[in-house]
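In what follows, a structure is listed as structure tokens, so that the remarks can point back to it.
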Amino acid sequence: MIENTDTYPITQSGEHADTSTNSDSSFHGLRIPTKADGAAIHRLIQQCPPLDLNSIYTYLLLSEHFSQTCVIAGAEGAPDGFVSAYMPPGRSDTLFIWQVAVHSRARGRGLGGRMLDSLLERPGLAHIQFLETTVGPDNVASRGMFAGLARRLGAQTHETALFNSELFGDAGHDDERLIRIGPLTNPGHSPKGLLRPAGPA
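Okay, so the sequence shown: first residue is 10 according to this note's numbering, each after it adds one.
Encoded structure:
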């Protein structure tokens, strides 16, 4: 069961983990994950607190059933980054970004933005008009990353309540607020992979 979206943690120094989109030639091989990546993805998430660590089975399912809406970056067996996303049932025009993880060795070089851009460039997702994610109220790094994504897309952002802390029971989890970016249209997959606003929200 997918519980929530966690994205970039804030580093111990307080700097944003990865909110830029500067190109870095050392990052290549962004690809669709396979079930063979499940254990490595689990290890990556484990190394990216405060992301919620789910079972290996969860990441096997993501890589097997939702591979077309996920991205993995880096060497096989030791990925630098991972994005998991899916289209909510009954809302095929919406892509929900669940987790965005970037290993500490790869932060600060724009890998997170590149993974998101590469996901949006996929022909099979050309119909997507809205992006959604959930972010805690104090998660400055994640908020900065998605604000930057909205700016690159030239799209509006709306924030509403979704999962308040009480819904998590005794887990001691922060509120998760819904961030919705859009509407979007795809202008034929431009070289920079940018989308354009479809009009007023």
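Even for Gly, the Cβ is constructed at its ideal location relative to N, Cα and C.
**Study point:** DSSP-derived helix/strand/coil call for Glu-130
**Key:** By one-based count along the sequence shown, residue 130 stands at place 121. In the structure shown, the three-state DSSP call for Glu-130 is coil.
Exercise for review: Quickly, what does DSSP pair Gly-88 with across the bridge? List them, please.
Suggested key: For the purposes of this step, residue 88 is identified with residue 79 of the sequence shown, where counting begins at 1. Note that residue 88 is Pro in the sequence shown here, rather than Gly. Pro-88 pairs with Gly-83.
Review point. Is the stretch 63-73 touching the stretch 48-55, taking contact as three or more C-beta pairs under 8 angstroms?
Key: yes
**Study point:** Given Ala-82 as reference, the closest of Glu-141, Asp-184, Gly-121 once Cα atoms are compared
**Key:** Here the question's residue 82 lines up with position 73 in the sequence shown. Closest by alpha carbon: Gly-121.
Check your understanding: Residue range of the alpha helix (DSSP H) that His-74 falls in?
Key -> Along the sequence shown, one-based indexing puts residue 74 at 65. Residues 65-74.
Review point. With which residues is Ile-188 paired in a DSSP beta bridge?
Key: By 1-based counting over the sequence shown, the position of residue 188 is 179. Paired residue(s): Thr-142, Glu-168.
Exercise for review: Report yes if the CB atom of Ile-190 is closer than 8 angstroms to the CB atom of Leu-171, and no otherwise.
Suggested key: If you number the sequence shown from 1, residue 190 lands on position 181. If you number the sequence shown from 1, residue 171 lands on position 162. No; because the gap between Cβ atoms is not below 8 angstroms, this pair is not in contact.
Check your understanding: Roughly how far, in whole angstroms, is the beta-carbon of Phe-177 from the beta-carbon of Thr-142, given that I think they are within contact range, below 8 angstroms?
Key -> In the sequence shown, residue 177 corresponds to position 168, counting from 1. In the sequence shown, residue 142 corresponds to position 133, counting from 1. At roughly 17 angstroms, the Cβ-Cβ gap does not stay under 8 angstroms, so Phe-177 and Thr-142 are not in contact.
Check your understanding: Helix, strand or coil: which one does DSSP assign to Gln-108?
Key -> Here residue 108 refers to the residue found at position 99 of the sequence shown. Correct three-state label for Gln-108: strand.
**Study point:** Residues near Ser-174 by beta carbon distance below 7 angstroms, same chain, minus five either side
**Key:** What you label residue 174 is simply residue 165 of the sequence shown in a count that begins at 1. Here the set comprises His-182, Asp-183, Asp-184.
Review point. The alpha helix (DSSP H) spanning Arg-52 covers which residue range?
Key: In the sequence shown, counting from the first residue as 1, residue 52 sits at position 43. Residues 47-55.
Point to revise | Where the alpha helix (DSSP H) containing Gly-157 begins and where it ends | key: Taking the sequence shown and counting its residues from 1, the one referred to as residue 157 is at position 148. First-last of the alpha helix (DSSP H) with Gly-157: 149-162.
Exercise for review: Take Phe-75 as the anchor and find which of Ala-87, Tyr-95, Val-144 has the nearest alpha-carbon.
Suggested key: As a position in the sequence shown, residue 75 is number 66, starting the count at 1. Taking only the C-alpha atoms, the option nearest Phe-75 is Tyr-95.
Check your understanding: Leaving out the 5 sequence neighbours to the left and right, which residues in its chain are closer than 6 angstroms to Arg-100 when beta-carbon positions are compared?
Key -> In the sequence shown, residue 100 corresponds to position 91, counting from 1. Nothing meets the Cβ criterion.
Exercise for review: Report buried or exposed for Gly-86, applying the criterion of at least 16 other Cβ atoms within 10 angstroms of its Cβ.
Suggested key: For the purposes of this step, residue 86 is identified with residue 77 of the sequence shown, where counting begins at 1. If you draw a 10 Å sphere on the C-beta of Gly-86, you find fewer than 16 other C-beta atoms in it, and that means exposed.
Point to revise | Coil, strand or helix - Arg-114 by DSSP | key: Against the sequence shown, residue 114 aligns to sequence position 105. If DSSP states are grouped into helix, strand and coil, Arg-114 belongs with the helices.
**Study point:** For Pro-58 and Ala-156, the rounded distance between their alpha carbons
**Key:** Working through the sequence shown from its first residue, we reach residue 156 at position 147. Working through the sequence shown from its first residue, we reach residue 58 at position 49. Rounded to whole angstroms, the separation of the alpha carbons of Pro-58 and Ala-156 is 21 angstroms.
Review point. Relative to the alpha-carbon of Arg-116, which residue among Leu-128, Met-154, Ile-137, Gln-138 has its alpha-carbon at the smallest distance?
Key: Here residue 116 refers to the residue found at position 107 of the sequence shown. Answer by Cα proximity: Met-154.
Point to revise | Nearest neighbour of Ala-135, chosen from Glu-73, Ser-64, Gln-77 [CA to CA] | key: Within the sequence shown, residue 135 is the residue found at index 126, counting from 1. Minimum Cα-Cα distance from Ala-135 among the listed residues Glu-73, Ser-64, Gln-77 corresponds to Gln-77.
**Study point:** Distance, Arg-131 Cα to Val-144 Cα
**Key:** Residue 144 sits at position 135 when you count from the first residue of the sequence shown. Residue 131 sits at position 122 when you count from the first residue of the sequence shown. When rounded, the distance between both Cα atoms is 25 angstroms.
Check your understanding: For Pro-88, which option in Ala-49, Leu-60, Asp-61, Thr-103 has the closest C-alpha, if you only look at C-alpha atoms?
Key -> Locating residue 88 in the sequence shown gives position 79, where the first residue counts as 1. When only C-alpha atoms are compared, the closest one is Ala-49.
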